[in-house]
């Protein structure tokens with residue numbers, strides 16, 4: 001399963017980098033495959049593990065503020081692994097070139 005999530009702290013000013021660094025440290029230490037992009041983080045794993053990870057990130061970010069907005073998009077496909085890399089590689093193969101990453 002792939003899940004892309006973003007956590008947006010509210011009421012902490014216009015810069016949220018410190019709060020995001022807290023969440024990304026948790027993601028990194030989880031051992032799950034992940035990719036960070038400008039709008040969120042994609043993780044790969046099992047449902048319970050991913051939901052627990054997002055909860056841990058939320059709990060830590062909430063320690064620094066009173067409100068967060070969390071967006072989650074899930075792609076749940078049976079029998080496939082290493083999809084973080086394979087989904088992009090599949091599109092690159094179809095268009096015949098390597099995309100900017």
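In UniProt numbering, the protein residues as written are 1 to 101. Think of the CB as a built atom: it goes at the ideal place given N, C-alpha and C, for glycine as much as any other residue. Note that the structure is predicted; figures quoted are calculated from it, not measured.
Pairing residue 90 with residue 6 gives a Cβ-Cβ distance that is not under 8 Å.
Nearest Cα to residue 13 within the set 81, 68 and 38: 68. In the same chain as residue 34, and ignoring 5 residues on each side of it, the C-beta atoms closer than 8 Å to its own belong to 27, 28, 41, 42, 43, 44 and 84, in chain order. Contact annotation: residue 60 and residue 8 have beta-carbon atoms that are not nearer than 8 Å. For residue 90, the enclosing alpha helix (DSSP H) covers residues 83-95. For residue 25, the three-state secondary structure derived from DSSP is helix. DSSP lists 40 as the bridge partner or partners of residue 37.
From the listed residues 11, 17 and 36, the smallest Cα separation to residue 2 is found for 36. Around the beta-carbon of residue 53, 16 or more other beta-carbon atoms lie within 10 Å, marking it buried. Per DSSP, the beta bridge partners of residue 4 are 42 and 73.
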